[in-house]
Structure formats: C-alpha cells, structure tokens
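*Asks:* Residue numbers (our numbering): 8 to 72.
Heads up, the beta-carbon is just placed ideally off N, CA and C, and yes, glycines get one too.
Computed from a predicted model, the values in this text were never measured in an experiment.
Handing you a structure now.
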Amino acid sequence: MKARGTVKFYNANKGFGFIKPDHGGADVFVQGAALVDSIQADDKVEYESAPGPKVAMALNVRLVR
C-alpha cells in the first residue's frame with residue numbers, strides 16, 4: 008500500500024529515521040536500504056508501508072516532487 012508523509016528525522020550516518028504519515032497515526036521507521044532517493048528532515052515522500060517487529064517500516068521511499 009502506497010502512502011505519503013513527511014520525513015520527521017533522518018540520520019544518514021546511522022542510516023535510519025522516521026516518517027510522519029499524512030494520514031495520521033504512528034511514525035513509520037525508515038532504514039537507508041529502503042531509500043530510492045536521498046532524504047532529509049521535512050522532505051515530502053511516498054513509500055510503501057510494511058509491518059515491522061515493533062513499528063511499521065517504510066519501503067521504496069521516494070521524494071515527492
């Protein structure tokens with residue numbers, strides 16, 4: 008399922024961050040391996056959401072241009 012949101016935080020050195028979904032709800036975890044484009048805080052992104060061990064995870068994260 009594709010979703011959109013705003014990057015809340017992303018640490019490129021550590022390779023992880025969080026996306027705040029546009030639809031509300033809990034933040035979504037993102038790992039560097041899931042990125043199609045480089046991201047930084049406040050970027051608008053589109054992603055696929057998948058269940059993770061503790062929180063939802065973002066996959067195939069792309070910038071919305």
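On a Cα-Cα basis, can you pick out the residue from 38, 44, 49 and 48 that is closest to residue 57?
*Replies:* When only C-alpha atoms are compared, the closest one is 38.
*Asks:* At the level of alpha carbons, what is the spacing between residue 26 and residue 72?
*Replies:* Each residue's alpha carbon lies about 17 Å from the other.
*Asks:* Less than 7 Å separating the Cβ of residue 52 from some heavy atom of the ligand COA?
*Replies:* The model depicted lacks the ligand COA and carries no ligand whatsoever.
*Asks:* When the Cα atoms are used, what is the spatial distance from residue 63 to residue 36?
*Replies:* For residue 63 and residue 36, the distance between alpha carbons rounds to 6 Å.
*Asks:* Is it buried or exposed for residue 14, if we count other Cβ within 10 angstroms and need 16 for buried?
*Replies:* Burial call: buried.
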